[in-house]
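Here is the structure we will look at.
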Amino acid sequence: MNTQGKVFKYPDNVDTDVIIPARYLNTANAKELALHCMEDIDTEFVKNVNAGDVMVAGWNFGCGSSREHAPLVIKTCGTGCVIAKSFARIFYRNAINIGLPILECEEAAEEINAGDEVNVDFDTGVITNITTGKTYKAQPFPEFIQNIIKCGGLLASLKEGSKNE
Amino acid sequence: MGMTMTQKILAFHAGLDKVSPGQLINAKLDIVLGNDITTPVAVNEFNKAGFDKVFDKDKVAIVLDHFVPNKDIKAAQQSKQCREFACEHCVSHFYDVGKMGIEHALLPEQGVVTAGDCIIGADSHTCTYGALGAFSTGVGSTDMAAGMATGMAWFKVPYAIKFNLTGKLPANCSGKDVILTIIGMIGVDGALYRSMEFTGEGVATLSMDDRLCICNMAIEAGAKNGIFPVDEKTVEYMTGRCERTPKVFEADADAEYDETYEINLSEIVPTVSCPHLPENTHPAKELGDIKIDQVVIGSCTNGRMEDMEAAYKILNGKKVADGVRCIIIPATMQIMRECVEKGYVTAFIDAGAVVSTPTCGPCLGGYMGILAEGERCIATTNRNFVGRMGHVESEVYLASPYTAAASALTGYICEYEEA
Chain A
2 MNTQGKVFKY
12 PDNVDTDVII
22 PARYLNTANA
32 KELALHCMED
42 IDTEFVKNVN
52 AGDVMVAGWN
62 FGCGSSREHA
72 PLVIKTCGTG
82 CVIAKSFARI
92 FYRNAINIGL
102 PILECEEAAE
112 EINAGDEVNV
122 DFDTGVITNI
132 TTGKTYKAQP
142 FPEFIQNIIK
152 CGGLLASLKE
162 GSKNE
Chain B
6 MGMTMTQKIL
16 AFHAGLDKVS
26 PGQLINAKLD
36 IVLGNDITTP
46 VAVNEFNKAG
56 FDKVFDKDKV
66 AIVLDHFVPN
76 KDIKAAQQSK
86 QCREFACEHC
96 VSHFYDVGKM
106 GIEHALLPEQ
116 GVVTAGDCII
126 GADSHTCTYG
136 ALGAFSTGVG
146 STDMAAGMAT
156 GMAWFKVPYA
166 IKFNLTGKLP
176 ANCSGKDVIL
186 TIIGMIGVDG
196 ALYRSMEFTG
206 EGVATLSMDD
216 RLCICNMAIE
226 AGAKNGIFPV
236 DEKTVEYMTG
246 RCERTPKVFE
256 ADADAEYDET
266 YEINLSEIVP
276 TVSCPHLPEN
286 THPAKELGDI
296 KIDQVVIGSC
306 TNGRMEDMEA
316 AYKILNGKKV
326 ADGVRCIIIP
336 ATMQIMRECV
346 EKGYVTAFID
356 AGAVVSTPTC
366 GPCLGGYMGI
376 LAEGERCIAT
386 TNRNFVGRMG
396 HVESEVYLAS
406 PYTAAASALT
416 GYICEYEEA
């Protein structure tokens, strides 16, 4: 599995309140919510994002609230992957649970620039910056988490697990 | 090598004699919690995956608190969906308007959570219950759905940071100043993935409300959980509240901690987190003239009885400064009732403040106190991110109830000085 697209770059400590402001959380409709993704720090994101594009950010991406709506709107916008130096723990868990690919890679997150064309291979963790030609290797997920991803999310993996018992 | 308090609770719930940091475990859950924002997403996932019953109707808690009484039609639909799910599955701990409170003030008060529990909640401030000596952490809606279906959750056993507390807080400081000071020291990801273990002789000097407030904001340092040892005050607080028997865990003497911080409570000063990150802390008196438009005293962080007492002590017989809107929100109906009985509500109204029934509303920019462009608020809430309380060009300063109430009287951010 892989994704390829252009990069939207964000700083450290991007919080879930800017990913999807709470004022819109009176609905759980992902398509409706996705219209407001990132709008408090980047009003252009929703207008310019295309399927497969990649978000690249600094430390502690997704800090703050536990709202699962945050990884959900990023995914619903078509974003193929988020690369960050680190992720806040609830966001990390939520992204895996709903099937939004995320990768931790400090060097890639530091060097990749906004607008670069990037290819990400989820099976190997290899990130290729097509614009500069440089490649990076992200931390692989533990096997347990890989299994959740392979099944298509946590609930699907639970169903799969109960079938095998 | 021994285990920390958190590691011992996790080992017990995973049915293991010993766990080590980094280990992936499956643990049994005592309570699975959701609110009116996160439960609808969980219910959709629960139904989509084809589950037809919750694992234990007495171990699921659903609290309508973010947008109730319903702020608009869409919020009303979400509340309705929670209500119908709770009714269909006979959820014992379902709290609707009239009985509800802000979840993290309500569950300890009602004895739904107790010492030794393993708790997940689809709300990041679920870490609050560590104050009772429980392992408690925030998760998302899908984890809530899985928890409701199976009664289990997977965890990576966390590494730990120890905070050794000594001394006693000055009279104009509270648990809020302690946790803001700590977040200022270690940063918003200073405890990322790890547990914050509070210990030391200073613990005994902190009230339960202080401890609940401190654990509440562990997430603001990125922590998986915060936890206090169980002492006489904890036992006294829990007695008569919880039907289940508390289980007391203690850290081993040779437990391993990544780092240890010494915190002398006597040296804590009234502290304010400036926009737009909780780690941006400064002593209140060093801030200069920062004019405010609004004050909010409430939330899962500081809407408890002691917070109301602090506000009363300062506002009683005084007037909120001209041009300042002061909003006071007792966190549960029981606290609200006590504020009425004790005459606090009358005093707040006479001071020129408004008093609302329990809601998370203003803290997350939902309703009941949204900020306009360029407006500034000092709040006893927990986050001051860009746009958190309204317009993206508005500002939120986080502080204790003492500092917030004192600032309401002057119209500028200031610390409370006893007359």
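Chains as they are written, first to last, in the numbering used here: chain A, 2 to 166; chain B, 6 to 424.
Cβ atoms here follow ideal geometry from the backbone N, Cα and C, with glycine treated the same way.
Can you check which of these residues, the options, is closest to residue i by C-alpha distance?
i                 : options                                       : result
Cys-1 (chain B)   : A:Gln-5, A:Ser-66 and A:Phe-9                 : A question about residue 1 (chain B) goes unanswered here, because the residues of chain B that appear run from 6 up to 424.
Ser-278 (chain B) : B:Leu-292, B:Asp-61, B:Leu-270 and B:Ile-268  : B:Leu-292
Asn-269 (chain B) : B:Glu-241, B:Gly-205 and B:Ala-384            : B:Gly-205
Pro-143 (chain A) : A:Glu-105, A:Ala-109 and A:Thr-133            : A:Glu-105
Ala-424 (chain B) : B:Asn-177, B:Asp-35, B:Asn-52 and B:Val-240   : B:Asn-177
Ala-110 (chain B) : B:Asp-215, B:Phe-160 and B:Ile-232            : B:Asp-215
Gly-231 (chain B) : B:Met-243, B:Leu-197, B:Glu-261 and B:Arg-309 : B:Leu-197
Met-39 (chain A)  : A:Lys-32, A:Val-19, A:Cys-64 and A:Arg-94     : A:Val-19
Ile-418 (chain B) : B:Thr-276, B:Lys-64 and B:Ser-141             : B:Thr-276
Asp-263 (chain B) : B:Cys-305, B:Arg-199, B:Pro-175 and B:Glu-380 : B:Arg-199
Glu-241 (chain B) : B:Ala-209, B:Ile-224, B:Ile-334 and B:Gln-12  : B:Ala-209
Met-313 (chain B) : B:Asp-327, B:Gln-339 and B:Lys-13             : B:Gln-339
Phe-60 (chain B)  : B:Pro-74, B:Gly-156, B:Asp-355 and B:Phe-99   : B:Gly-156
Could you tell me whether any Cβ in chain A is nearer than 7 Å to the Cβ of residue i?
i                 : result
Tyr-198 (chain B) : yes
Ile-42 (chain B)  : yes
Asp-61 (chain B)  : no
Ala-226 (chain B) : no
Glu-241 (chain B) : no
Val-329 (chain B) : no
Glu-311 (chain B) : no
Ala-151 (chain B) : yes
Cα separation between residue i and residue j?
i                 : j                 : result
Gly-39 (chain B)  : Met-8 (chain B)   : 30 Å
Met-190 (chain B) : Tyr-11 (chain A)  : 24 Å
Cys-87 (chain B)  : Met-153 (chain B) : 14 Å
Asn-307 (chain B) : Ala-404 (chain B) : 10 Å
Thr-4 (chain A)   : Val-55 (chain A)  : 8 Å
Asn-98 (chain A)  : Lys-324 (chain B) : 50 Å
Arg-68 (chain A)  : Ile-91 (chain A)  : 9 Å
Thr-147 (chain B) : Val-46 (chain B)  : 8 Å
Met-213 (chain B) : Cys-344 (chain B) : 18 Å
Glu-202 (chain B) : Glu-420 (chain B) : 29 Å
Met-149 (chain B) : Thr-17 (chain A)  : 18 Å
Val-300 (chain B) : Cys-331 (chain B) : 5 Å
Asp-294 (chain B) : Val-401 (chain B) : 15 Å
Val-83 (chain A)  : Ala-58 (chain A)  : 8 Å
Lys-86 (chain A)  : Ala-110 (chain A) : 6 Å
Pro-288 (chain B) : Asp-43 (chain A)  : 32 Å
Ala-410 (chain B) : Phe-88 (chain A)  : 36 Å
Starting from the beta carbon of residue i, find every residue of chain B whose beta carbon is closer than 8 Å, and list them in chain order.
i                 : result
Gly-154 (chain A) : Thr-147
Ile-131 (chain A) : Within 8 Å Cβ-Cβ: nothing; Ile-131 (chain A) doesn't reach chain B, min ~30 Å.
Glu-69 (chain A)  : Thr-43, Val-46, Ala-127, Gly-145, Ser-146 and Thr-147
Asn-148 (chain A) : Here the premise fails: no neighbours, minimum Cβ distance about 11 Å.
Just the chain A side, please: which residues come within less than 7 Å of residue i by C-beta, in chain order?
i                 : result
Pro-45 (chain B)  : Ala-29
Val-391 (chain B) : Val-19, Asp-41 and Ile-42
Thr-77 (chain B)  : Note that residue 77 (chain B) is Asp in the sequence shown here, rather than Thr. In chain order: Asn-27.
Glu-400 (chain B) : Per Cβ cutoff of 7 Å: no residues; Glu-400 (chain B) is ~14 Å from chain A at best.
Leu-369 (chain B) : Ala-23
Could you tell me if the beta carbon of residue i falls within a distance shorter than 6 Å of some heavy atom in the ligand ATP?
i                 : result
Ala-115 (chain A) : Questions concerning the ligand ATP fall outside what the structure shown contains, since it holds no ligand whatsoever.
Of all Cβ atoms in chain B, is any one closer than 7 Å to the Cβ of residue i?
i                 : result
Val-83 (chain A)  : no
Pro-22 (chain A)  : yes
Ser-66 (chain A)  : yes
Leu-36 (chain A)  : no
Ile-91 (chain A)  : yes
Phe-205 (chain A) : Because residue 205 (chain A) is not part of the residues shown, which for chain A are 2 to 166, the question remains open.
Asn-114 (chain A) : no
Asn-49 (chain A)  : no
Note down, in chain order, every chain B residue with its Cβ under 7 Å from the Cβ of residue i.
i                 : result
Phe-142 (chain A) : Neighbours of Phe-142 (chain A) on chain B: none; closest Cβ ~11 Å, over 7 Å.
Ile-14 (chain A)  : Note on residue identity: the sequence assigns Asn, not Ile, to residue 14 (chain A). Residues of chain B passing the Cβ test: Val-193 and Leu-282.
Lys-160 (chain A) : Ala-54
Ile-99 (chain A)  : Thr-147
Run down chain B in chain order and give the residues with a C-beta less than 9 Å from the C-beta of residue i.
i                : result
Asn-95 (chain A) : Val-144, Gly-145, Ser-146, Thr-147 and Asp-148
Open item on the list: Does the contact criterion of 3 or more C-beta pairs under 8 Å hold for the segment 159–169 of chain B versus the segment 251–264 of chain B?
Closed with: yes
- [ ] Please determine if the segment 315–327 of chain B and the segment 349–364 of chain B are in contact, where contact requires at least 3 C-beta pairs separated by less than 8 Å.
- [x] yes
- [ ] Quick one: which residues of the segment 110–143 of chain B get their C-beta closer than 9 Å to a C-beta of chain D? List them in chain order.
- [x] Absent from the structure is chain D; the protein chains it does hold are A and B.
Open item on the list: Within 8 Å, do at least three Cβ pairs link the segment 75–89 of chain B to the segment 14–27 of chain B?
Closed with: no
Task: Segment contact flag, the segment 127–136 of chain B with the segment 211–227 of chain B, C-beta cutoff 8 Å, min 3 pairs - done: yes
Open item on the list: Quick check: the segment 385–393 of chain B against the segment 404–421 of chain B, are at least 3 beta-carbon pairs closer than 8 Å?
Closed with: yes
TODO: Please confirm if the segment 359–368 of chain B is in contact with the segment 280–296 of chain B, defined as three or more CB-CB distances below 8 Å between the two stretches.
DONE: no
Open item on the list: Under 8 Å, with one C-beta from each stretch per pair, do the segment 101–115 of chain B and the segment 129–148 of chain A reach the 3-pair mark?
Closed with: no
- [ ] Examine the Cβ distances between the segment 117–131 of chain B and the segment 239–252 of chain B and report whether three or more of them are shorter than 8 Å.
- [x] yes
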